[in-house]
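*Asks:*
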Amino acid sequence: MADNGPCVIGQQITIRGNLTGNEDLVVEGRIEGTLTLGNHLTIEQTGVVQADVETEDLTVMGELNGDIVAHSSVTINADAKLVGNIRAPRVIIEDGARFKGNIDMDVDLPDSVTPKTR
Amino acid sequence: MANTVIGSSIVIDGEILGEEDLTIQGTVKGKVTLKENLFVEQSGVVEADIETQTVTINGQITGNIAASDKVEIRSDGRMVGDIKSPRIIIADGAVFKGNVDMDV
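If you're matching them up, the sequences are chains A and B in order.
Residues 4 to 121 in the numbering used here are what the first sequence lists, from first letter to last.
Residues 15 to 118 in the numbering used here are what the second sequence lists, from first letter to last.
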């Protein structure tokens with residue numbers, strides 16, 4: 004996957020600060036700060052991200068701590084651990100994934116389903 | 015295994031308590047407390063707080079869920095409310111708005 008395709012942050016790398024980009028990114032290392040990407044972000048099993056993330060698509064197999072805004076989809080794989088709030092039109096959580104936070108799919112709900120306050 | 019089905023023309027306003035599997039094809043408002051599996055079919059509309067072992071959602075749920083095993087929102091499912099369960103599965107196409115607590 005890392006041959007000639009997307010940009011890869013290797014396992015021994017730690018980035019602190021802001022990361023901005025417009026290509027696919029694979030994180031095998033560590034990122035702390037904010038991450039803004041126009042394409043697909045993949046956090047591999049070894050990846051640890053402590054950042055607010057804005058991206059088109061997000062696939063999490065590792066660990067992510069922060070709020071997520073995805074313009075297309077968020078996929079939380081079985082090995083992932085995610086703490087934070089998600090805002091995306093499509094959110095997929097696989098069996099085995101660990102997640103804590105709020106999900107907002109930003110879709111028009113039918114009239115019969117109205118948010119309930121308590 | 016014993017199995018109760020609430021048909022698509024049935025409307026229940028109140029509380030459902032039980033210790034066997036329950037399938038909801040109709041409308042239930044109020045509260046559902048089970049010790050087994052709850053299935054909400056595509057035609058099912060539930061406006062209730064739910065406490066059970068597992069919930070499988072193909073229909074619509076408004077309310078909070080506490081499941082001791084797992085909650086699964088299938089691709090046709092729509093859910094608004096908070097979920098507390100050790101395992102939560104959301105399929106592609108499902109609609110969900112609310113808080114998730116897996117005890118992480």
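Backbone N, C-alpha and C define an ideal beta-carbon position, used for all residues, glycine too.
#1: DSSP three-state label for E24(A), please.
#2: So which residues on chain B does D98(A) lean against when the C-beta distance must stay under 9 Å?
#3: Answer yes or no: does any C-beta atom of chain B fall closer than 8 Å to that of G69(A)?
#4: Using CA coordinates, which residue listed in P9(A), E57(A) and D27(A) is at the minimum distance from L67(A)?
#5: State buried or exposed for L31(B), treating a residue as buried only when at least 16 other CB atoms are found within 10 Å of its CB.
#6: Using only the alpha-carbon positions, how far apart do M15(B) and S57(B) sit?
#7: To the nearest angstrom, how far is the alpha carbon of M4(A) from that of V30(A)?
#8: From the beta carbon of V109(B), is the nearest beta carbon of chain A less than 8 Å away?
#9: Taking C-beta pairs closer than 7 Å, name the residues in chain A that V114(B) reaches, listed in chain order.
#10: So, does the CB of D106(B) fall closer than 8 Å to a CB anywhere in chain A?
#11: Can you tell which of I106(A), N42(A) and T49(A) has the C-alpha that lies nearest to the C-alpha of L61(A)?
#12: Leaving out the 5 sequence neighbours to the left and right, which residues in its chain are closer than 7 Å to G77(B) when beta-carbon positions are compared?
#13: Using a 10 Å radius around the Cβ and a threshold of 16 neighbouring Cβ atoms, would you call A108(B) buried or exposed?
#14: Excluding the five sequence neighbours on either side, which residues of its own chain have a C-beta within less than 6 Å of the C-beta of N105(A), listed in chain order?
#15: Please name the residue or residues paired with N105(A) in a DSSP beta bridge.
*Replies:* A quick look at the data gives this:
#1: Sequence check: residue 24(A) is Gly here, not Glu. In this structure, G24(A) counts as strand in the three-state DSSP scheme.
#2: Residues of chain B passing the Cβ test: K84, E86, R101, I102 and I103.
#3: It does not: the Cβ of G69(A) has no partner Cβ on chain B nearer than 8 Å.
#4: For L67(A), the closest of P9(A), E57(A) and D27(A) by C-alpha to C-alpha distance is E57(A).
#5: Around the beta-carbon of L31(B), fewer than 16 other beta-carbon atoms lie within 10 Å, marking it exposed.
#6: Any reading at M15(B) must be qualified, since the residue scores a pLDDT of 48, below 50, and its modelled position is unreliable; no value is offered.
#7: Any answer about M4(A) is weak, because its pLDDT of 44 lies below 50 and its placement is not dependable; what the coordinates show is given next. M4(A) and V30(A): Cα-Cα distance of roughly 12 Å.
#8: Answer yes: the Cβ-Cβ gap between V109(B) and chain A drops below 8 Å somewhere.
#9: Against V114(B), the close residues of chain A are F102, K103, G104 and I106, in the order they occur along the chain (beta-carbon pairs closer than 7 Å).
#10: At least one CB atom of chain A sits nearer than 8 Å to the CB of D106(B).
#11: The shortest Cα separation from L61(A) among I106(A), N42(A) and T49(A) belongs to N42(A).
#12: By the criterion of a C-beta distance shorter than 7 Å, G77(B) is surrounded in its chain by V60, E61, A62, D63, I64 and G95, once the five residues flanking it on both sides are discounted.
#13: Classification for A108(B): buried.
#14: These residues qualify, in order along the chain: N88.
#15: Paired residue(s): N113(B).
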